[in-house]
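K.L.:
The following block contains the structure, expressed as structure tokens.
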Amino acid sequence: MSVLPVSRMSERTVSGVLSLALLGVLAGLFFFSLSLGRVGGPLVDSLPWDFLYLDPDVFGETNRLILVEVRLPRTLLAVMTGLSLGLSGAVLQGLFRNPLADPGIIGTSSTASLGAVVVLYFSLAEYSNLALTAGGVAGALLGLVGLYILTGKKPGTTGFILAGVALSSLAVAMTSLALSLAPSPFATLEILFWMMGSVADRTFTHVWIALPLMITGWLLLLGAGRGVDALCLGEESATNLGFNVPNIRARIILGCALCVGAAVSVTGAIGFIGLVVPHILRPLVGFQPRALLVPAGIGGACLLLLADIAVRLMPPGPELKLGVLTALVGAPFFFWLLVRYRREML
Amino acid sequence: MKLLSSITFAVFAFCMAAALAARAGQGEPERARGGIVSINLCTDQLLLMLGDPAEIRSVSFLARDRSISAYWEEAQNHDVNHGLIEQILPMEPDLVLAGRYTSRYTVALLEEQGKNVLVLDPARSLEDMIANIQKVADAIGRPLRGRQIIEAILERPKPDSLDRRVILYGASGTTAGPPSLGDTAIAEAGLKNVADELGIGSWGYLSVEGLLRSDPDLIVFQRSGKAMPAMATQLLHHPALTASRLPALRMDLTRSELICATPRLFETSRAIRKRIEREE
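Chains as they are written, first to last, in the working numbering: chain A, 2 to 347; chain B, 604 to 883.
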């Protein structure tokens, strides 16, 4: 493998510095995202910086509504979702010891969509956001457990990809089936939403529902950092070192299910963030999985927010789905990954 | 070789049978009237409005749905079809009413079968509405009734125009500019359509932010009547749009009157106008 660019510093120091730098970038993007809007017509508009005074007499009630009820929840959700996806990607790549692990590629996002869709369109009880999120988490959990059972204890890349493709296409097909059978007149139109997520026009209700689940997930995943390090050496070595491997595995799967399930149920499936971010950052922090977790999370938030800003800067017309943009960036990255691995194998 | 000749024979026999069948159809005396069948939501409503109930053989199943049909009550007394050729042929209708962009294959097959089909273009303006009423009235043999309705439309009382701006807002953030029935309804109310100012054509999307930014005097939420759960309809409950300090007026409208062009569109116009005037 390549030489570490910062071999002098310890990986944890590098990780800390990198996290701080990324946090700075994120803060900048956050404010840019708040100041940037997209109006239905040809205008790309931005609020003046006086939005910091929230006094409606100075700022205007409409502007206050736009900022607080439209842009703020959208921006927060982009950050939360990006963080969840980046962190999950980094942890899953460690757990499965496979560089292709990403909630989108291994089918977790699709199974979470399926869970949310089934709850949303067929719930007999009064539809509630909480049930929707629960459906998403349950779907993600089922998907991850299914993947783990399918790939077995020593997942080779081929088996891994096959299991992911199988799960993913099954979940997508079942989602389409569920939507075709749904009694709602809009259901078929919403297939696109569940396949290609978006954070446009979300509300604080979505933020408050996703946040507690995501925070629990983040804590579970960050807490599993040392375990992921140990799992790098293989399950047997990890057990010999005194790690409770089934416990670590369960914790990671639950953490990812909570994060990804909650994210998908409010934004739809957004792919490639979890794949791309750990790959970009890994050469910088070195190859200790734990050192990668925090930077990957913050990096994921930066990338998703950047993508959402780009979506809003696009030419007029119906807004591009966020998932389309991440796929447009992510798929070529996949090609590059493929080329690099082939070169390494030669 | 044997196979080829048997295929040739089969084709020949089929053509003969078809020709004979066609001739038999031509020579036959006229059947007892089989009534009129409509297979499109908009032609359903025109038929229900213009036709004699005894002549209406069947309307599409959509016509009974109160969330999309303005004539759902009238439709309850009639048989429904799903626009399938196998349902329509046994009815032996004298006339089939169909829309330009729905059930294309059914229409093509019906025409191939020599059925009398009237295909109507979707109406997006008042002129279209009048033309369609005329066409259907003539086709079903009730030109007088058609003319009466058209005259009533042409002589309708028109409200004086007000400089107030209205926007329609439906599921998924959809809105309508000209030419569309929604735009027509706003114009008939003597008001201005914000979607037109924004350069939105007969159909377009507007984000919540875009809606707030356009600063309308009245937001008309187009709800689908049915409380079916969907991400699309959740948008209409966005807190920024339901906020008590939102400067714009708000009103709810079921969609049924703006889907197809019937004179019930004017009821929608009156409701919109009333909402604006109540505030003044």
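The C-beta atom is built at its ideal place from N, Cα and C for all residues, glycine as well.
With a threshold of 7 Å on Cβ separation, who are the neighbours of Gly804/B within its own chain once the five nearest residues in sequence on each side are excluded?
P.N.:
Gly780
K.L.:
Are the C-beta of Gly113/A and some C-beta of chain B separated by less than 8 Å?
P.N.:
One detail in the question is off: residue 113/A reads as Ala in this sequence, not Gly. Closer than 8 Å: no.
K.L.:
Can you name the residues of chain B whose CB is closer than 9 Å to the CB of Gly38/A?
P.N.:
Here the neighbours are Ser810, Glu812, Gly813 and Arg816.
K.L.:
Express the C-alpha separation of Arg703/B and Phe615/B in angstroms, rounding to a whole number.
P.N.:
Any reading at Phe615/B needs caution, since the residue's pLDDT is 47, under 50, leaving its predicted position unreliable; the model's value is listed next. A direct Cα-Cα distance of roughly 35 Å separates Phe615/B from Arg703/B.
K.L.:
For Met854/B, name the three-state secondary structure that DSSP assigns.
P.N.:
strand
K.L.:
For Val722/B, list the residues DSSP reports as bridge partners.
P.N.:
Ala701/B
K.L.:
Indicate whether Leu214/A and Leu143/A have their beta-carbon atoms separated by less than 8 Å.
P.N.:
no
K.L.:
How close, in whole Å, do the beta carbons of Ile822/B and Leu838/B come, if the pair is a contact with beta carbons under 8 Å?
P.N.:
Going by Cβ atoms, the distance from Ile822/B to Leu838/B rounds to 12 Å, so no, they are not a contact pair.
K.L.:
Can you check whether the C-beta of Ala790/B is within less than 8 Å of a C-beta belonging to chain A?
P.N.:
Ala790/B does not count as touching chain A.
K.L.:
Could you tell me whether the stretch 250 to 266 of chain A touches the stretch 99 to 114 of chain A, using the rule of 3 or more Cβ pairs below 8 Å?
P.N.:
yes
K.L.:
Would Arg313/A and Val200/A qualify as a contact pair, given that the criterion is a beta-carbon distance under 8 Å?
P.N.:
no
K.L.:
Pair every Cβ in the stretch 288 to 307 of chain A with every Cβ in the stretch 83 to 94 of chain A, then say whether three or more of these pairs are closer than 8 Å.
P.N.:
Segments in contact, yes.
K.L.:
Counting only Cβ-Cβ distances shorter than 8 Å, please list the residues of the stretch 835 to 856 of chain B near chain A, keeping chain order.
P.N.:
Ala835, Thr836, Leu838, His841, Pro842, Ala843, Ala846, Arg848, Leu849 and Pro850
K.L.:
With 8 Å as the C-beta to C-beta threshold (strictly closer), list the residues of the stretch 71 to 89 of chain A near chain B in chain order.
P.N.:
Val71 and Arg72
K.L.:
Alpha carbon to alpha carbon, how far is Phe31/A from Leu305/A?
P.N.:
11 Å
K.L.:
Return the CA-CA distance between Gly802/B and Gly87/A, expressed in angstroms with no decimal places.
P.N.:
39 Å
K.L.:
Measuring alpha carbon to alpha carbon, tell me which of Ile789/B, Gly638/B and Pro696/B ends up nearest Arg768/B.
P.N.:
Ile789/B
K.L.:
At least one CB of chain A closer than 8 Å to the CB of Ile743/B: is that the case?
P.N.:
no
K.L.:
When the cut-off is 8 Å and only beta carbons count, does Phe334/A lie next to chain B?
P.N.:
Residue contact check for Phe334/A against chain B: no CB pair falls below 8 Å.
K.L.:
In the DSSP assignment, the alpha helix (DSSP H) including Tyr122/A goes from what residue to what residue?
P.N.:
Thr109 to Phe123
K.L.:
For Glu791/B, which option in Met694/B, Phe869/B and Ser670/B has the closest C-alpha, if you only look at C-alpha atoms?
P.N.:
Taking each of Met694/B, Phe869/B and Ser670/B in turn and checking the Cα distance to Glu791/B, the smallest one comes out for Phe869/B.
K.L.:
Using the Cα positions of Leu276/A and Asn245/A, report the straight-line distance between them to the nearest angstrom.
P.N.:
Their Cα atoms are separated by approximately 27 Å.
K.L.:
If we count the other Cβ atoms within 10 Å of its Cβ and call it buried at 16 or more, is Met834/B buried or exposed?
P.N.:
Counting C-beta atoms within 10 angstroms of its own C-beta, Met834/B has 16 or more neighbours from the protein chains shown and is therefore classed as buried.
K.L.:
Rounded to whole angstroms, what is the Cα-Cα separation between Leu765/B and Arg72/A?
P.N.:
33 Å
K.L.:
What is the C-beta distance between Gly638/B and Glu658/B, in whole angstroms, given that I count them as a contact (C-beta under 8 Å)?
P.N.:
5 Å
K.L.:
Would you list the one or two residues that DSSP bridges to Gln825/B?
P.N.:
Gly773/B and Leu856/B
K.L.:
Please report how far the alpha carbon of Ile138/A lies from the alpha carbon of Ser859/B, in whole angstroms.
P.N.:
Per the sequence shown, residue 138/A should be read as Val rather than Ile. Whole-angstrom Cα-Cα distance: 37 Å.
K.L.:
Can you name the residues that DSSP bridges to Thr327/A?
P.N.:
BP columns for Thr327/A are empty, so no partner.
K.L.:
Under a three-way DSSP split, which group does Asn680/B fall into?
P.N.:
Note: Asn680/B maps to coil in three-state DSSP.
K.L.:
Do three or more CB pairs link the stretch 736 to 743 of chain B to the stretch 161 to 172 of chain A at distances below 8 Å?
P.N.:
With the cut-off at 8 Å, the stretch 736 to 743 of chain B and the stretch 161 to 172 of chain A do not touch.
K.L.:
Would you mind reading off the limits of the beta strand (DSSP E) that contains Val662/B?
P.N.:
Ile659 to Ser663
K.L.:
Judging by CA-CA distance, which residue of Asp647/B, Asp799/B and Pro819/B is the nearest neighbour of Thr705/B?
P.N.:
Asp647/B
K.L.:
Given 8 Å as the limit, is there contact between the stretch 668 to 675 of chain B and the stretch 683 to 701 of chain B, that is, 3 or more CB pairs closer than that?
P.N.:
no
K.L.:
Quick check on this structure: which residue in Leu212/A, Ile254/A, Gly235/A and Gly298/A has the alpha carbon closest to the alpha carbon of Gly17/A?
P.N.:
Ranking Leu212/A, Ile254/A, Gly235/A and Gly298/A by Cα distance to Gly17/A puts Gly298/A first.
K.L.:
Going along chain B, which residues have a C-beta under 9 Å from Phe32/A?
P.N.:
Phe32/A does not reach chain B, its nearest Cβ partner there being about 17 Å away, counting only Cβ pairs nearer than 9 Å.
K.L.:
On the premise that Trp195/A lies in contact with Ala270/A, defined as a C-beta separation below 8 Å, what is that separation, rounded to the nearest angstrom?
P.N.:
6 Å
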